[in-house]
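These notes concern the structure reproduced below.
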Amino acid sequence: MGEVKHEYPLLYPLIPILLLAPILKLLGWESVDAAFLIVTIPLLIFPTILIIGQIYNKNPIWKNKWKEGGILALGALTVSLTIALWILFDYLYGNSSFSNQSVDTWFEWITFDFLQSNYVISQESRIIGIGVWIDQVTLMILFVATFLCFLICWFSMGYMNTDPINEDRNHRFYAEFVLFSMGMFGMVLADSFLWLFIFWEIMGLCSYLLIGFYYWKVSAAYAAKKAFLTTRIGDVFLMIGLFILYDIYGSLDFAVIFDDPSTGVSGALVDSNKLFWALLLLFVGAVGKSAQFPLHVWLPDAMEGPTPVSALIHAATMVNAGLYLVARMVPFVDIHYQGVPGLENLGIIIAFIGGITAFMAALIAFVQNDIKKVLAYSTMSQLAYIFTGLGVALWFYNTDHHHAAMIAFGASMFHLFNHAMAKGMLFMASGSVIHEVHHAHDHISEGNHNHNFDPQDMRNMGGLAAKMPITATAMMFGSMSIIGVPLIGGFWSKEGIIAETWKAAIEYEPIMFVPAILILATAGMTGFYMSRMWLMTFAGEPKNDVVNHVHETTPWIREPLLILTAITAISGFGLALFDIIHYLSFDIDNLKMKGLVYTLEHAFLPSDINTRIIGWTTITLSFIIGPIIAARVHGGKLQEGEKAIPTISWLVSLSGKFGSQDVDNISKSQFSEALQNRLYFDDFYEYLISKTVIPFANFTAWFDRIIIDGIIKQVESKSVSGSLEVRKITTGSAKDYILMAVVGMISIFILIWGVS
Amino acid sequence: MNSLSDISLELLLPEAMMIVGILAMIIIPNLGDAKIRIPLTNTSVPVFFGGTRFAQVNNPFIPSVVAMITFTASFFMSLIMLEAETNGNIGEVMEINQFTNLFSLIFTSALLITSIATFYRMPPHKNPEIPKNTDSESSTGTKIKILMNNRRQVDFYILLMMVGLGMCLMSKSTHLFLLFVCLELASLSSYVLVGFYKESDIGGEAGTKYFIVGSVASAVGIYGMSLLYLWNGNLQIDSLTSSWATMESLDPFAGIGIGLMLVAFGFKVGAAPFHLATPDAYSGASSPIAGLLATASKAMGFVAIMKILLIITSSEEGIETYWMVAIALMSVITMTWGNFAALSSENPKRMLAYSSVAHAGYMLAAIAAIGSGLGDIDSNILIVTAVIFHLTILILFKFGAFLVLTILENEGLSHNMDGLKGLAKRDPVIAVSMFIFMLSLAGIPPLSGFLSKLLMINGIVNVSAGTGSLSSATILTWITSVNIIFWLALSIVINSAVSLFYYLRIGLIMFFEEPVIEEPPAKSIYLRIIIIICATFTILLGIGPLSEYLLEIANEAAQSLL
Amino acid sequence: MIDPSWIVGLGVILFGIGLLGTFYHKNAIVVLMCIELMLNSANLNFVAGAMYYGDVNGWVFTAIAIAIAAAEVAIGLAILLSMYSTQQTISLEDANILRN
Amino acid sequence: MNLDILTIITLVPIFTGLILIILPQLLPKETADNLKLITRNISMGVALAIFAISTMIFIGTIGSVDWTDILHGEYVLKNEQFSLISSIGVQWKVGADALSFPMIWLTSLLIPISMLVEWDAKKGHIFHPLILIMEGALLGVFVSLDLFIFYVFWELTLIPMFLLILLWGGEDRKYAAMKFFIYTFTASVFMLIGILVMYFHTTPIPGIGSMTGHHFDLVQMSLQDNLIPNEGLRHFVWILLLIGFATKMPSVPVHTWLPDAHVQAPTAGSMLLAGVMLKMGAYGFLRIAVTIFPESTIIFMPLLVFLGMASLVYGAWVCMGQTNLKRMVAYSSVSHMGLIFLGIATMQPLGIAGALFMMFAHGVISPLLFAVAGAFKHHYHTLEIGSMRGIAHHSPYLSGHMMLGWMASLGLPLMAGFVAEVAILIAFWMSFGWLVMLPALTLIITATYYLTSMQRTIFESDDPHQGILPASLNGDEPRDVTWNENTGMFILGIFTIIFGIFPFIFWDMMSVWSTGFMSDIMISAMENTDAWSPSIDWILEVFK
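Residue numbers (the working numbering), protein chains in the order written: chain U, 1 to 756; chain S, 1 to 562; chain R, 1 to 100; chain V, 1 to 544.
In structure tokens form, the structure reads like this:
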């Protein structure tokens, strides 16, 4: 068993950065004033890494001391993190008020005038500027983003720099990484929908670049393109939505719009129908970004990127952008505070999309053997939960059930937090597994690289619990959080979402039963596939010789896992104690410490009988039934002589106690086949494109070449042949010339007499 | 009746110089030691005419030098008269004004260029050798050629001066018959010049065709003139004008007469369908002569046409002339035919001939615009200005192109595109000049060809654009109601675009094909200078003070014509 | 005294014959003769005009026109001869090296 | 005559270029050869000096102009009146405003860059002077306020470009050059007729036009009320002008000269063609057709929308069917120029400012695209998409520039193109509502073809250490871009990003101008015609 070679001295240059926030405070800066640094520092570091990396590529100092830019990237992210924390503390404990948002206009991006329909040019120039908008949701997501970016960057230095395939290419990775981080931070901080969209697109670009990091891989290049284009489809609708919003409010600034969403430009009452379309189009954008049905196809493919990228983009940050956007819709529909009534359908649509995606993704996750694919579908499914919760919240808001709305909203946002933390960790842990398996495979094959061996395939693993204790622990807690094991992480939020959805369905709107049933079923399915993943990977006997050579030795990987394990394990409960749900739903007035007993009672024995039944059904499904089935299929004891550390050994041994069940028949069924093929969505889209778009493009090109340009060419060739004909009239015989002249003469006579 | 002393002959100085030149040309080479014995005595008095020629006058260079001096003198004389704005009448048959001065200038400059070019095209040789039996066949041929060239120097230049005389007088005449006689003088001489190289296959043929068709045209024209005489009893242009103006409906004599004369002049300018002999003549004649035909001869035709159509048969403002439709149609056919025929032409001289036909079409279109009677006198003057301006600058770029061909012709390469191939490699200056000429012919700004074309379109648009229906707001009603003259402008521009193809093609051939022969063409120093001058003026007259100057002169000329 | 209109009528006939002949015949000499016919028809018109108007100019025009015709024939014959010397033909149809 | 600064920057390059071409012909061979060696340096010096001058004009060092103060109808840096052909009313009249100045600056920026990119061009002693002449002609188009001079420069631009294509073009250069020249010339002669009709409706101004009583003065024309009273004629003239300008832009269906010209042109030629020459069409359209005939513009707005939409959508689809990189980029220009028509058709200050910014942004981005395509041709000797894979391994810089350019062109935020796109589309929504779906969805097509072409060239070699090289390389070692190409692309990329993040550098003056433009010209025209209402119904009604 090799020792981990820690490289902490490399981080010494970064220590002064930690003093940045205090120094700025001493200089008299407000925390909000420093917010721009969160965005600009990574933005500046991006070209720095790229250029230096390109110049000093293969230079040993650059490679070993600077980790090919990793240290620089980490430095930039440290700046962002410290300032984000500063802002967080400032808002939680400092002078800055909760209820108000700080807007700081840096510069006027573009200014212009407008023509009104009565032929008058509006007097005041309209300005699209840049600023910062901070509220509770911003704070939470900003923290999540900066914190996870920081940790994943840290993790990457272990994961990326030790992989020979990345030799001399990592500067590109880090550059794109910080650019991505910048996009995420900017999106969260943006004070207008336009800037939100701009950073949103930057993230799309980086996602494209990072997924296509292994550009030579056909599948990676394809996946990158697919990701960009699929999200682009959403983005275009989002853009149109923005145009409509602009038309309504004459501005895209949050400050202007949220000030009074019911009145539009120059005091006109907002047409709810128009607003509905605007918000729906925004939601389409969110669907694309957050990989919801039917624009979900890019996310599983996006796992072609390096694992830190999957952790960063496709679990922790970028996919949350869509949720963030939907969360920003609350003021429009909150008729308690000047929202626009008549938008109930919006909430229903969002909840439906969420429910369908949740169920579908969970279903597909059942049969995935690629560890990252499982996580990818799990991500989709969990995001769909949040969408459902948000949809329900929007519906509640719009039907003036303010309290229920706030709980649903807060629960959704809280689930976002929990899921981001857990999923970021899960991906990193899976990265750790993949990395070590890959190394082990390289080690035993000694250069004879077997391309058929897939280090991501769980069928090659099993019994890793003893070899990789930290990873296994981390993954266990992550899975628990996702499953919603009571008291851990996601439990608190997921329970809220399910309860509120059912509440809406039972008490107010029967149509909500559809998403309600779907997500309830999904809860159980989550229990199954997450357990299955863990068990296949860590429990049972090794399915491949490679496993015996796996060691957990790579530096830089443990620390993020440990930190996130702790957060996942306790933060859910902790924050629930602090009533984060109300905090996040802007319900500051009702914010209070509820106490341990109250919280537990509220969670497990709510007074409302319906809620209680739903709650316990959920727990049963997700915590008992799902995992037990998984254990029956995949569980098992470790190999003889192997012993896992105590935190996980109980689980391993428990998993072996439910007997085993053969699922070959099921796995060979047609339905299983369909699931393997992701319910044929990808095939269907592919077919559609190859049958419509590509032939049409070829037809257009043909049309342009043959018809439009052909006309020109015809004119040309006809002119030349006509010219030859004309020249033939000049026969060379003077007789003909005279004859022609006489003809002309007669024509002249005719014309002259004809006129006169 | 005017007495001879009343006639201010100084008004005819350019012509007088040419007459002097002709006389000198006859006399000088014949000076010799001939003596005449005074009858009944033994004293012989030398008469210096005939006998053994003096060595000095036996020099074959003399005719060309005399011609050049003559044309230079007439040229400067015309220039001086133009500058001095000389005016006057000679009897009742001639009138000198800015119009005639400018055209004298055009004719004499064209002739001057022709004579210089011919100096290289038909070089005199100082000491010709007489072929011996021992010579090889080729050297015998060369020697014979040299001898021939020496011998016919005088003939050529006399004919050239005859052409000049005819042209200059023709532009001045105010009497239709005199006009015709002068035209015939110039034409007959030019027929000979076209067929001048009688030893070549094509020289005789070109001369014959040009002569036959031209003679028929002349005969038709003279018949038409006789009809006019029958109608009016007087061929003074003024008289004809007033008779025409008082004519109530179109008199058949007058109408047919004018129509027949149009045929004659249409042939001169190369208007379709009377142009068919033009390309043959140009390609058969030597390049300088072809240049002369394309510029001076065409200008002569247009002078006649303008005098007939714009003076005699002009109409009141607002009344359409009888011939407008005929000329408009003729112009469209002419320019289209010319351009389309030139499009695929493989012989540069034929191509230039067709292009010259097309240019005639443009000018006829401008004249048709006057005939529409839509414009007031000012706009008519503007159109005539454009035509005169165009005729003037044609000397530069049309003749310039033929001068370039002259250089190639001495190598025997002017009958297909081979000669132009790779010219840029062999002689960049000439090639660039040729390219400039081509662009100017195509009407690319800022070259002078553009300005003249612009002015012509300008004139057409000016008179016609205001005619469309005022009442309705849609394009369609306007399009259907606008005078057809407007579409002439459109046809000009479309034709310009078509013509661009073959002009550019010349450029492509010169710059991007491999030359047939590698070594640069003969130096031909004066010819080269003329080409460069032509190219320079082609540019300078396009925009700026010089074009301004010429425009003003052309404007004065137009004013004195109308 | 013959009525001038008869002379004009004769002129028209001659002109027509001449014009038809120019493009009907291929022999250049015949064409030349036809041209002469046309010129003479013009002369007849001048004569008729002179008679009709009692104008002496008409006679002068006639005389000059005859001179022109003579010159034309002289030149024409010379040119035809030079063509004949190279192409051995004076047929206007056969001499068509230059065309298109 | 006191030469003013705009005259200087217009004429100096033309004459320098001419002298540099002619002088070696006249000098003795020895001296001429020496001169030829430094010709490119001299040309570059002149071009840089002009860039410095125009930048200084922009900053205000020269002429002390505050550009955001320039209202519509106001021209700065005007020269003293100088008559060129006074009898027909031709003046040398130059001036700049917010419509033309960005173009002037852009031209002066692109010229040195295009020279740099082709620094080692064969026959450089002709190449670089030709580009200088090109610069003068292009600047002349933008500075001239006299229609005659405008037209002269308009056509003058053809000649150096024609020669550039001919002398340094690809295999099929003759056809392309001829097509380019004849096609655009044909279109512009229609415009010429339109100009002449306008000319004959001008009222005399004392001192010029002694012979005709008319003048070509653009400013006076635009000030003259109701220049052409006959409405049918006015519309006809507008159509004639549109033919000229739309062909130059180029708009579907008169665009087919562009791909051919681009594919055959040398890199610098393509850069200038796409960067500035296409903008001449849009510039002229705004400066002449729209400014002088606002009513016709409003009447024909459906036509504009149709043309713009056709160019945008159709161009994008054609792009997708292309296999030649440069052809694809050329069609993408067609597609993007369609947005300009759409921006103008919105009749919103925002839309017009967006169209102006589109002209500018596309002028920065498309040269980058063509520089990239040119580098492919230069180093890989092929432009076939799919003939190579995984080039990123061999040519990281080229791939990087390609990525940047492609992304900028598909409208990624924080790059110049996005600002224009968003501005135009917002305004388009305001005027035409749901019709915006069409241009917006086209953005997906745009993204698709760009990404696909990128995927098939720089990605997917299936081998981390070796790209799939094109057969045209004949087994040679592939090279990355040369230093000069790299620098040129780098500068363009940086400007693309600068103008994406700080668009207000040029946006502000454009915005002020377009507001003035609307209030001075369009609004009264709208009231006159009474045809405009911001809805799609109206368009459908007109099409009925």
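Glycine is no exception: its CB is placed at the ideal position from the N, C-alpha and C atoms.
State the DSSP-derived secondary structure class of proline 46/S, mapped to helix, strand or coil.
For the purposes of this step, residue 46/S is taken as residue 46 along the second sequence, with counting starting at 1. Of the three classes helix, strand and coil, the one that applies to proline 46/S here is strand, per DSSP.
So with CB distances below 8 Å, who are the chain U contacts of methionine 407/V?
Position 407 of the fourth sequence holds residue 407/V. Those are Leu205, listed as they occur along chain U.
Grab me the residues of alanine 376/U's own chain with a C-beta within less than 6 Å of its C-beta, minus the 5 sequence neighbours each way, in chain order.
Position 376 of the first sequence, counted from the start, is the residue given in the question as residue 376/U. Excluding residues within five positions, the ones whose Cβ falls inside 6 Å are Leu299, Pro300, Met303.
In chain order, what residues of the same chain lie with their CB nearer than 8 Å to the CB of leucine 106/V, ignoring the 5 residues before and after it?
As a first step, residue 106/V is located in the fourth sequence; it is residue number 106 there, counting from the start. Correct list, in chain order: Gly275, Val276, Lys279, Phe360, Gly363, Val364.
Give a yes or no on whether 8 Å exceeds the smallest Cβ distance from leucine 98/R to chain S.
Within the third sequence, the letter at position 98 stands for residue 98/R. Yes - at least one Cβ of chain S is within 8 Å of the one on leucine 98/R.
Where the beta strand (DSSP E) containing phenylalanine 82/V begins and where it ends:
By 1-based counting over the fourth sequence, the position of residue 82/V is 82. Boundaries of the beta strand (DSSP E) harbouring phenylalanine 82/V: 82 to 85, taken from the DSSP string.
Straight-line Cα distance separating threonine 554/U from phenylalanine 432/V
Stepping through the fourth sequence from its first residue, residue 432/V is reached at position 432. Stepping through the first sequence from its first residue, residue 554/U is reached at position 554. Taking the straight line joining both Cα atoms gives about 59 Å.
Going by beta-carbon coordinates alone, are isoleucine 746/U and alanine 326/S separated by less than 8 Å?
Counting from 1 along the first sequence, the entry for residue 746/U is found at position 746. Counting from 1 along the second sequence, the entry for residue 326/S is found at position 326. By the CB criterion at 8 Å, isoleucine 746/U and alanine 326/S fall outside the cutoff.
Any beta-carbon of chain R closer than 8 Å to the one on lysine 225/U?
Counting from 1 along the first sequence, the entry for residue 225/U is found at position 225. No, no contact with chain R.
Does chain V have any CB closer than 8 Å to the CB of glutamate 552/S?
The count along the second sequence starts at 1 and reaches residue 552/S at position 552. At least one chain V Cβ lies under 8 Å of glutamate 552/S.
Using 8 Å for Cβ pairs, my map puts methionine 187/U next to alanine 327/U. What's the rounded Cβ distance?
Here residue 187/U is taken as the residue at index 187 of the first sequence, counted from 1. Here residue 327/U is taken as the residue at index 327 of the first sequence, counted from 1. About 12 Å; that fails the 8 Å criterion.
What does a CB cutoff of less than 6 Å around alanine 474/U pick up in its chain, not counting 5 residues either side in sequence?
Taking the first sequence and counting its residues from 1, one reaches residue 474/U at position 474. Counting only Cβ-Cβ distances below 6 Å, and skipping sequence neighbours, we find Met425, Ala429, Leu561, Thr565.
Neighbour list for lysine 174/V in chain S, Cβ cutoff strictly below 8 Å:
Your numbering for residue 174/V matches position 174 in the fourth sequence. What lysine 174/V touches in chain S: Leu508, Phe512.
Alpha helix (DSSP H) runs wholly inside the region 17 to 82 of chain V, at least 4 long, in chain order
29 to 59
Under 7 Å by beta carbon: chain U residues contacting aspartate 97/V:
On the fourth sequence, position 97 is the one that residue 97/V refers to. Those within 7 Å of aspartate 97/V in chain U number zero; the least Cβ separation is about 17 Å.
Buried or exposed: which applies to histidine 465/V, given that a residue is buried once 16 or more other Cβ atoms fall within 10 Å of its Cβ?
By one-based count along the fourth sequence, residue 465/V stands at place 465. Its Cβ having fewer than 16 others within 10 Å, histidine 465/V is exposed.
Does leucine 18/V come within less than 8 Å of chain S when only Cβ atoms are used?
For the purposes of this step, residue 18/V is taken as the residue at position 18 of the fourth sequence. Chain S, which has no Cβ nearer than 8 Å to the Cβ of leucine 18/V, makes this no.
Anything in chain R within Cβ reach of leucine 739/U, meaning under 8 Å, just list it in chain order.
Taking the first residue of the first sequence as position 1, residue 739/U is located at position 739. Per Cβ cutoff of 8 Å: Phe23.
Checking 8 Å against the spacing of the C-beta atoms, do alanine 206/S and glycine 318/S come in under that value?
For the purposes of this step, residue 206/S is taken as the residue at position 206 of the second sequence. For the purposes of this step, residue 318/S is taken as the residue at position 318 of the second sequence. No; because the gap between Cβ atoms is not below 8 Å, this pair is not in contact.
Methionine 430/V CB to nearest chain U CB: under 8 Å?
Looking up residue 430/V in the fourth sequence gives position 430. So yes, methionine 430/V belongs to the interface.
Select from the region 484 to 516 of chain V all residues with a C-beta closer than 7 Å to any C-beta belonging to chain U, and list them in chain order.
Pro503, Phe504, Trp507, Asp508, Ser511, Thr515
Does histidine 379/V have its Cβ less than 8 Å from a Cβ in chain U?
Residue numbering aside, residue 379/V sits at position 379 when the fourth sequence is read from its first letter. Histidine 379/V does not count as touching chain U.
Closest Cβ-Cβ distance between phenylalanine 302/S and chain U: below 8 Å?
By 1-based counting over the second sequence, the position of residue 302/S is 302. Chain U contact via Cβ: absent.
Against serine 86/V, what residues of chain S qualify as contacts under a CB-to-CB distance less than 7 Å, listed in chain order?
Taking the first residue of the fourth sequence as 1, we reach residue 86/V at position 86. Ordered by position in chain S, the residues that pass the 7 Å Cβ test against serine 86/V are Glu548.
Considering only residues of the same chain and omitting the five flanking positions on each side of alanine 497/S, which have a CB-CB separation below 6 Å?
Here residue 497/S corresponds to residue number 497 of the second sequence, with the count starting at 1. So no residue of the chain qualifies.
Indicate whether at least one CB of chain S lies closer than 8 Å to the CB of asparagine 474/V.
Against the fourth sequence, residue 474/V aligns to sequence position 474. Taking Cβ atoms only, chain S never reaches closer than 8 Å to asparagine 474/V, which makes this a no.
Does serine 733/U come within less than 8 Å of chain R when only Cβ atoms are used?
Within the first sequence, the letter at position 733 stands for residue 733/U. It does: the Cβ of serine 733/U has a partner Cβ on chain R nearer than 8 Å.
Suppose only complete runs of 3+ residues qualify. What are the beta strand (DSSP E) ranges in the region 234 to 273 of chain S, listed by chain order?
Runs of the beta strand (DSSP E) inside the region 234 to 273 of chain S: none found.
Under a CB-based cut-off of 8 Å, is methionine 239/U close to chain V?
Your numbering for residue 239/U matches position 239 in the first sequence. So, interface residue.
Distance, Cα to Cα, serine 395/V vs arginine 479/V?
Position 395 of the fourth sequence holds residue 395/V. Position 479 of the fourth sequence holds residue 479/V. Each residue's Cα considered, the two are about 6 Å apart.
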